[in-house]
Ligand SMILES: Cc1cc2nc3c(=O)[nH]c(=O)nc-3n(C[C@H](O)[C@H](O)[C@H](O)COP(=O)(O)OP(=O)(O)OC[C@H]3O[C@@H](n4cnc5c(N)ncnc54)[C@H](O)[C@@H]3O)c2cc1C
Ligand SMILES: Nc1ncnc2c1ncn2[C@@H]1O[C@H](COP(=O)(O)O)[C@@H](O)[C@H]1O
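Residue numbers (my numbering), protein chains in the order written: chain A, 24 to 347; chain B, 64 to 310.
Structure follows, in structure tokens:
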């Protein structure tokens, strides 16, 4: 028996959120007296897989098939089902991201396993198998009891800090009996956002609203984001006006994020906007209107004009970095 | 080509979320239910466009829910679509919802199943992939653009850190987000027509829920904002470092 966890890498380097998922799985394994088996696909080195032991994986099952280099939910599901059967997995963990949200529900449906999507806590085994998750787009949490024999969880990235420990994982090859239909989606074009930090994984986010007045002023937010190593986001009207790409819009009808730091500039703080960001650990609001509702949801507030305050903040960050 | 659009009723986006019975139930008192925005603005409108362009012959709308879901599915019919189906089942567990939809879709000969990228109440983003698995279909999540030519779909969608364009032959399930279509406003004609369109109520298939919600919690209230002078950004950076410990 084991806790199975699907891990993702970019060109052979495992993503931080996957290390977090392994650590999460290790915690479950510890409290259920089992072990952690990570499942990795594609072109990744043995040493990188062995190093996953430092985060709690005892074993890594590795499937190499060139066709897995492009993610595809059917083929990945088959990989996970094959691994789950081999390991008699009782708990399966994925990430609540575009990969995890496409694979884990398929795996759950196939195994007839209850799913908790977007978990933000370890399971409470005292009352069954109860996991806390985000609901109402960050306005509340629900406690979900999984009653099926096998349990499937997608973990909300950035829920727990990643701590490196000791240990080496053993690597085993996993043979999967693919069929042609598993690869019937043809990839025509891939456009990776260049350089910047992906919003869903970002620990620091700089976000702008209509108060920025127009796309020509965004450079002040980009300068700040660059200095901090932050991702950029925006309010819905900004996305709707095509000032920014649609993927940056956060809120109830956009992305839900929970970074460590969310800096909201020229955003009024409408309930639909807050719904997507109020899981952030620390919120800074910069707005020229003292009555802006966002101040009520903020930890730190600055009253002032964005075009004056943000460049000053960027300078202050620069100075801070030079001294630390 | 027959399209099935999955419609989920959700509380209006301005709802102040509250719970009753010792935080075990979501209180629906005074709450207005709307069509999940992703289902309405993107999945449904794109299905209607495909019908208008002649690519699709039938657009059916399906919801899994008890009788109180009917006003919402009627609202969806007012935007367009040929008929609506309500599966008379509880909608508390993702697997159960997906299995009810798949059970019905199995016999309908649908070429395309369109869903929203997630419901704004339970935020699972899971029903689409589950339905695809249960129907042994391909699934493309987070679509921003969908084109159909004959029996081939071309879909541009969000992937980790970017965008990808895929082609895939039908049948196929796709979850939709911004970009797929532009929201429409229902008109009087649509609203009148919806009254006479068929709304089929289908008894629930015998499917057990695999999860139960045992309680709810509201996020801790913010203790109050600390205001920093606009000319003292060094102080803000210092607080973010020493107090909030986020940089
Ligand atoms: C069904 C539905 C779903 C929605 N979903 C979302 C969603 O997912 N995400 C979302 O964001 N919104 C959403 N909205 C829209 C939401 O209600 C608000 O309209 C929107 O968030 C407002 O965006 P904003 O704060 O950028 O603009 P505004 O409300 O116009 O606020 C601009 C702010 O900038 C400030 N400002 C102006 N000039 C300056 C300056 N020079 N310096 C500093 N500050 C300045 C102003 O004081 C004001 O507070 C939704 C609405 C509906 C009805
Ligand atoms: N009760 C339901 N009835 C019909 N479709 C649903 C239901 N719940 C969810 N869906 C569909 O599945 C999508 C994703 O929902 P979810 O997985 O619950 O976040 C929604 O956008 C709807 O298209």
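Virtual Cβ for every residue (Gly too), placed ideally from N, Cα, C.
Minimum Cβ-Cβ distance from residue i to chain A less than 7 Å
{"i": "residue 189 of chain B", "result": "yes"}
{"i": "residue 140 of chain B", "result": "no"}
{"i": "residue 155 of chain B", "result": "no"}
{"i": "residue 99 of chain B", "result": "no"}
{"i": "residue 216 of chain B", "result": "no"}
{"i": "residue 230 of chain B", "result": "yes"}
{"i": "residue 201 of chain B", "result": "yes"}
{"i": "residue 204 of chain B", "result": "yes"}
{"i": "residue 117 of chain B", "result": "no"}
{"i": "residue 278 of chain B", "result": "yes"}
{"i": "residue 242 of chain B", "result": "yes"}
{"i": "residue 73 of chain B", "result": "no"}
{"i": "residue 192 of chain B", "result": "yes"}
{"i": "residue 166 of chain B", "result": "no"}
{"i": "residue 245 of chain B", "result": "no"}
Nearest-angstrom Cα separation, counted from residue j out to residue i
{"i": "residue 7 of chain B", "j": "residue 279 of chain B", "result": "Outside the displayed range of chain B (64 to 310) lies residue 7 of chain B, so it cannot be described from this structure."}
{"i": "residue 204 of chain B", "j": "residue 191 of chain B", "result": "8 Å"}
{"i": "residue 171 of chain A", "j": "residue 131 of chain A", "result": "10 Å"}
{"i": "residue 171 of chain B", "j": "residue 228 of chain A", "result": "45 Å"}
{"i": "residue 84 of chain A", "j": "residue 107 of chain A", "result": "11 Å"}
{"i": "residue 167 of chain B", "j": "residue 246 of chain A", "result": "52 Å"}
{"i": "residue 122 of chain B", "j": "residue 104 of chain B", "result": "15 Å"}
{"i": "residue 153 of chain A", "j": "residue 318 of chain A", "result": "34 Å"}
{"i": "residue 72 of chain A", "j": "residue 61 of chain A", "result": "9 Å"}
{"i": "residue 292 of chain A", "j": "residue 77 of chain A", "result": "41 Å"}
{"i": "residue 158 of chain A", "j": "residue 312 of chain A", "result": "30 Å"}
{"i": "residue 96 of chain B", "j": "residue 299 of chain A", "result": "19 Å"}
{"i": "residue 65 of chain A", "j": "residue 180 of chain B", "result": "27 Å"}
{"i": "residue 215 of chain B", "j": "residue 109 of chain B", "result": "16 Å"}
{"i": "residue 45 of chain A", "j": "residue 147 of chain B", "result": "44 Å"}
{"i": "residue 25 of chain A", "j": "residue 94 of chain A", "result": "25 Å"}
{"i": "residue 39 of chain A", "j": "residue 288 of chain B", "result": "31 Å"}
Chain B contact for residue i (CB, 7 Å cutoff)
{"i": "residue 66 of chain A", "result": "no"}
{"i": "residue 318 of chain A", "result": "yes"}
{"i": "residue 212 of chain A", "result": "yes"}
{"i": "residue 184 of chain A", "result": "no"}
{"i": "residue 134 of chain A", "result": "no"}
{"i": "residue 303 of chain A", "result": "no"}
{"i": "residue 63 of chain A", "result": "no"}
{"i": "residue 332 of chain A", "result": "yes"}
{"i": "residue 96 of chain A", "result": "yes"}
Partner residues on chain A for residue i, Cβ-Cβ distance less than 7 Å
{"i": "residue 169 of chain B", "result": "Under the 7 Å cutoff, chain A gives no residues; its nearest Cβ is about 14 Å from residue 169 of chain B."}
{"i": "residue 224 of chain B", "result": "215, 216, 221"}
{"i": "residue 268 of chain B", "result": "Those within 7 Å of residue 268 of chain B in chain A number zero; the least Cβ separation is about 14 Å."}
{"i": "residue 281 of chain B", "result": "163"}
{"i": "residue 120 of chain B", "result": "Near residue 120 of chain B there are no residues of chain A at all, since even the closest Cβ is about 24 Å away, more than 7 Å."}
Per-residue contacts from residue i into chain B (C-beta, under 9 Å)
{"i": "residue 140 of chain A", "result": "157, 181, 185, 186, 187, 188, 189"}
{"i": "residue 327 of chain A", "result": "292, 293, 294"}
{"i": "residue 207 of chain A", "result": "201, 231, 232"}
{"i": "residue 284 of chain A", "result": "303, 307, 309, 310"}
{"i": "residue 99 of chain A", "result": "Going along chain B, no residue has its Cβ under 9 Å from residue 99 of chain A, so there is no contact; the nearest lies around 11 Å."}
Proximal residues of chain A, C-beta to C-beta of residue i below 9 Å
{"i": "residue 207 of chain B", "result": "269, 270"}
Per-residue contacts from residue i into chain A (C-beta, under 8 Å)
{"i": "residue 77 of chain B", "result": "294, 295"}
{"i": "residue 297 of chain B", "result": "339, 342, 343"}
{"i": "residue 197 of chain B", "result": "132"}
Where residue i falls: helix, strand or coil (DSSP)
{"i": "residue 235 of chain A", "result": "helix"}
{"i": "residue 221 of chain B", "result": "strand"}
{"i": "residue 129 of chain A", "result": "helix"}
{"i": "residue 209 of chain A", "result": "strand"}
{"i": "residue 290 of chain A", "result": "coil"}
{"i": "residue 271 of chain A", "result": "helix"}
{"i": "residue 226 of chain B", "result": "strand"}
{"i": "residue 324 of chain A", "result": "strand"}
{"i": "residue 202 of chain B", "result": "strand"}
{"i": "residue 89 of chain B", "result": "strand"}
{"i": "residue 159 of chain A", "result": "helix"}
{"i": "residue 259 of chain B", "result": "helix"}
{"i": "residue 310 of chain A", "result": "strand"}
Per-residue contacts from residue i into chain B (C-beta, under 7 Å)
{"i": "residue 275 of chain A", "result": "76, 183"}
{"i": "residue 233 of chain A", "result": "Chain B residues near residue 233 of chain A: none, gap ~17 Å exceeds 7 Å."}
Chain-ordered chain B contacts of residue i [CB-CB under 8 Å]
{"i": "residue 157 of chain A", "result": "186"}
7 Å Cβ cutoff, residue i in contact with chain E
{"i": "residue 335 of chain A", "result": "As a matter of chain content, chain E is missing from the structure shown, whose protein chains are A and B."}
So if I measure from each beta-carbon to every heavy atom of ligand 1 and keep distances below 5 Å, which residues remain? Going along the chain, the residues that qualify are A/232, A/233, A/234, A/258, A/259, A/260, A/274, A/275, A/276, A/277, A/289, A/290, A/291, A/293, A/295, A/296, A/310, A/311, A/312, A/315, A/328, A/329, B/76.
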